[in-house]
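Protein chains in written order, with my numbering: chain B, 226 to 776; chain A, 109 to 294; chain L, 21 to 119. Even glycine gets a Cβ: it sits at the ideal position worked out from N, Cα and C. These numbers were taken from a predicted model, which means no experiment stands behind them. For reference, the structure is listed below as structure tokens.
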Amino acid sequence: MYRYDEFDHGFVRQRVAQFRGQVARRLDGALTEDEFKPLRLMNGLYLQLHAYMLRVAIPYGTLSARQMRRLADIARRYDKGFGHFTTRQNIQYNWIRLEDAPDILADLADVEMHAIQTSGNCIRNVTADQFAGVAADEIEDPRVYAEIIRQWSTLHPEFSFLPRKFKIAITGAPRDRAAVRAHDIGLRMHWNADGEAGFEIMVGGGLGRTPVIGKTIRAFLPKQDLLSYLEAILRVYNQLGRRDNIHKARIKILVNQVGAETFADMVEAEWREIRGGALDLPADEIARIESYFAPPDYERLDAASPAFEAQRRSDPAFAQWVRSNVVAHKRPGYAIANISLKPAGGVPGDASAEQMEVVADLAERYGFGEIRVAHEQNLVLPDVRLSDLHALWQELRTAGLATANIGLLTDIIACPGLDYCNLANARSIPIAQRIGQRFDDLARLHDIGRLTLNISGCINACAHHHVGNIGILGVNKKGVEYYQVTLGGNADENAALGDLVGPAFSGEEIADAVETIVDTYLEQRDRGEQFLDTYRRVGLQPFKEKLYAAH
Amino acid sequence: MPLIKDGKLADDPWQVADDGTAAPLIVSLEAWQANEGGIRQRNTPIGIRLASDQSPALIAEDIERFEVIALEFPKFNDGRAYSYARLLRERHGYKGELRAVGNVLRDQFLFMHRCGFDAFEVADTGAAAVWEEALREISVWYQPTADRRKPATTLRRKPHPRRPAAGTSSGPGDPPSVACAGHWAY
Amino acid sequence: MSQQAVTANRLRDGQVVYLAANNGWSDRLADAAVADDADAAKALLATAEGDVDRRVVVGPYLFDVAVETGAVRPLGQRETIRASGPSIQPDTGDRAVRR
């Protein structure tokens, strides 16, 4: 993985010192809250419902064991012993003291981490496929380019006061695990006719109040042009994006307003002026960053492990975990192991300090000390030998981390909701817990099959409810929490927005409603179908009839 | 309003109200376009002030006429003028004074300076006292822009100053610093 | 109009606090000064705004409460959660409160 050099180390230390000075100026009155707020936000510090909340960047979701231990240490020393992994591959701490924030940032700087640009109207932490570098279907490791973008976007002097926040996601594989079409810019790697790898550029995706699937404005961009092209997009947006209405300030509104083709023309015109200049990425610079992401020292292993096969046959619970949580690795004899942070009735994405430490230890003993954070709010051990999977699973089980539900109904994506968040209208976590308990039966979950369920506590859609197969949006009607349901959303390479089923459900009704949806699907499904296949075949009507039959 | 220029408090000879004298005058885009008071025909120094929704593309033909271009920040978080400043320096080759006016705060000095501003109208003289400190806070940058600071991406590819250079100092990995600087020096 | 109290977050640590009858701030809702009419509410908020300038608290605002058998109770879900902490059920993690 990427390692800081002396420039990066020097930079984050200067940034910590700068923020320490800004906090001191706030506390001694030189800065008002209005002046201080954007400064703290650009260092990831929010003021939430209960206290300050610190959002720490985990660039493209890659962590070392050492970094994970430091995250555990911060949870214990400065917070209440746990952290919350988010849909942007970051981690949030909920009870931070303003006075402690500079010390926490210094602790993070020691392990090559920071909280820069995890908030504010700037380019946010770049997210990527959590299986980058190890996925069997990958063209190239997208983290190389995510790191290049991370550096370019860090304290970009021109783009630190954009009309609104700006999110970039990148995938190196045809299967989209990074929801790239739900981002302001989505990048997907492709081969061109000459066998060169480059990027498809998608712009104007985003959820929130006005959900839009990103549009392709360039089918293929050579790698060396990546930064100049991004700079051209951002420059057009910075000048023309709306600043008079916060709800119309995202790039998707500009793209819709002028049309994707016109927007593409504007970007291309700007790009013609700057391409081939100082932002050109020379091959040796790409190679330099690539060397950080060189594959670890994999052993030469057989593609099949007889011991693993035997364990799978003799231990049904293990076999079940393998079926849902283990994914094919690009190297023979290795596997990708997903660690679910969604125990039945638990808080989606939360991990205690002890669990973080267990994962760090396991990453070292059963891998090369690397951990990934998935945007689905789970963790990943990317390099596990097939023959080690059973031992790993047993240790995960002891730590309460072996829930066999990745990609299944209870692998719920949920935002913090009204329990923590200032923007929320309704609670998300208790709803996730209620649904998790209702479906606390692994055999039933595996029978139901692949089904994504996303719960957002407000229209800002941090839990991406529009692109959940089942999407739940919390709303507030005269002081009472209600939940709207959408069906048929999809976050992958065939991204689609869900359809609203009808009137909202109360917090007491919502678990029943989900169960009705699942039962209807099970009645309707043909052999071999997943939820989304059935939904696309039969449409909204059968679900609607069942859901509102009593009314 | 106090003016910081080249890092120091400076007298501001420019006036914004046209009293018909030969004093250096900063005019609005509207006044310039309407040629109010025949300003286009004058031989006295002229500057122009652009609002945050007025792109410098609107004065592209006249840029050599101006000794000062003032770009407005109606609020510190209206970041359009950062792009305008870079376009003026890097695209239009503007070499005169580029002045930040409006809600110009200490914590934005560095960003403004990096984008090519060299003069800053500030609310009080205290801002001048902290100017140098504010500009020293960050010295590592990752983007080439319209100033003379070399980004980390360029510095990394040079032989390290504190380390004896390995091999020759003009190897293939060592960019020609003069030509490279030409992309963003002004 | 319902009765109202003033809440804010303390500047230094972000802690939820309530403006108390002695014009100080308390982290206990039970200590909150309760205004019975609009004028009293306005006066409470004015006191609180002074403590913004004195850098004691951030973002004070009025919220609706009911006083029942001497106890102050917030009327809305949001303020109930702010007063008593997240409503979520405890799970497997170690949630020992640090302070």
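| Item | Value |
| --- | --- |
| Using the beta-carbon count (16 or more within 10 Å), is glutamate 770 of chain B buried or exposed? | exposed |
| In the DSSP assignment, the beta strand (DSSP E) including tyrosine 229 of chain B goes from what residue to what residue? | That residue, tyrosine 229 of chain B, is in no beta strand (DSSP E); it is neither H nor E in DSSP. |
| Tell me the residue span of the alpha helix (DSSP H) that contains histidine 671 of chain B. | 667-673 |
| First and last residue of the alpha helix (DSSP H) that includes phenylalanine 533 of chain B? | 531-539 |
| Whose C-beta lies closer than 6 Å to the C-beta of alanine 585 of chain B among residues of the same chain, with five residues either side of it excluded? | Ala290, Met293, Arg294 |
| Alpha carbon to alpha carbon, how far is arginine 30 of chain L from arginine 98 of chain L? | 18 Å |
| Counting beta carbon pairs with one atom in the region 302-318 of chain B and one in the region 271-287 of chain B, are three or more of them shorter than 8 Å? | yes |
| Whole angstroms are fine: how far does the CA of alanine 125 of chain A sit from the CA of alanine 131 of chain A? | 10 Å |
| Look at the alpha carbon of glutamate 231 of chain B and the alpha carbon of arginine 590 of chain B, and state the distance between them as a whole number of angstroms. | 29 Å |
| What residues from the region 361-393 of chain B come within 7 Å of chain A, judged by C-beta to C-beta, listed N to C? | Gln376, Trp377, Thr379, Leu380, His381, Pro382, Glu383, Ser385, Phe386, Leu387 |
| What did DSSP end up calling aspartate 724 of chain B once you bin it into helix, strand or coil? | strand |
| For the region 245-273 of chain B, list the alpha helix (DSSP H) runs that are entirely contained and at least 4 residues long, ordered along the chain. | 258-266 |
| What residue does the alpha helix (DSSP H) around glutamate 486 of chain B start on, and which one ends it? | 485-499 |
| Compile a chain-ordered list of the residues in the region 321-350 of chain B whose CB is closer than 9 Å to at least one CB of chain L. | Ile321, Arg322, Leu323, Glu324, Asp325 |
| Is it right to say proline 272 of chain A is buried, meaning 16 or more other beta carbons lie within 10 angstroms of its own, or is it exposed? | Residue confidence for proline 272 of chain A is low, a pLDDT of 40 falling below 50, so the modelled location carries little weight and cannot support an answer. |
| Please classify alanine 50 of chain L as buried or exposed, where buried requires at least 16 neighbouring CB atoms within 10 angstroms. | exposed |
| Note down, in chain order, each residue of its chain lying with its Cβ closer than 6 Å to the Cβ of leucine 765 of chain B, except the 5 sequence neighbours on either side. | Asp724 |
| Pull the bridge partners of proline 792 of chain B from the DSSP assignment, please. | Past the boundaries of the shown model lies residue 792 of chain B; chain B is included only from 226 to 776, so the question cannot be answered. |
| Pull up the DSSP beta-bridge partners for histidine 415 of chain B, would you. | B:Gly423 |
| When you compare only the Cα positions, how much space is there between leucine 111 of chain A and tyrosine 192 of chain A? | 20 Å |
| By DSSP, does valine 710 of chain B sit in helix, in strand, or in coil? | strand |
| Can arginine 52 of chain L and valine 92 of chain L be called in contact, C-beta distance under 9 Å? | The sequence as given places alanine at residue 52 of chain L; arginine does not occur at that position. Going by C-beta atoms, alanine 52 of chain L is nearer than 9 Å to valine 92 of chain L. |
| Arginine 349 of chain B and alanine 474 of chain B - do their beta-carbons sit closer together than 9 Å? | no |
| Would you kindly check if the distance between the Cβ of isoleucine 321 of chain B and the Cβ of isoleucine 329 of chain B is under 9 Å? | yes |
| For alanine 503 of chain B, count neighbouring C-beta atoms within 10 Å of its own C-beta (all shown protein chains included) and say buried if the count is 16 or more, exposed if not. | buried |
| Kindly list, in the order they appear in chain B, the residues whose Cβ is closer than 8 Å to that of valine 37 of chain L. | Those do not exist, as valine 37 of chain L stays about 11 Å from chain B at its closest Cβ, beyond 8 Å. |
| Does the beta-carbon of methionine 267 of chain B have 16 or more other beta-carbons within 10 angstroms, so that it is buried, or is it exposed? | buried |
| Using 9 Å as the limit for Cβ to Cβ distance, is aspartate 51 of chain L near chain B? | no |
| Suppose the cutoff is 7 Å on Cβ atoms and the five residues either side in sequence are ignored; what does the same chain contact list for asparagine 417 of chain B look like? | Gly423, Phe445 |
| Comparing alpha-carbon positions, which option in B:Glu363, B:Phe533, B:Asn346, B:Pro507 lies nearest arginine 222 of chain B? | What is shown of chain B runs 226 to 776, which leaves residue 222 of chain B out entirely. |
| Look at the Cβ atom of glycine 297 of chain A, then the Cβ atom of arginine 194 of chain A, and state whether they are nearer than 9 Å. | The structure shown does not extend to residue 297 of chain A, since chain A is modelled only from 109 through 294, so no value can be given for it. |
| How is valine 281 of chain B classed by DSSP in three states: helix, strand or coil? | strand |
| Taking a cut of 7 Å between CB atoms, which residues from the region 485-519 of chain B lie near chain A? | Glu498, Gly502, Ala503, Leu504, Asp509, Glu510 |
| For the beta strand (DSSP E) containing lysine 113 of chain A, name the first residue and the last one. | 111-113 |
| Kindly list, in the order they appear in chain A, the residues whose Cβ is closer than 9 Å to that of asparagine 463 of chain B. | Gly187, Arg188, Tyr190, Ser191 |
| DSSP three-state call for glutamine 23 of chain L: helix, strand or coil? | strand |
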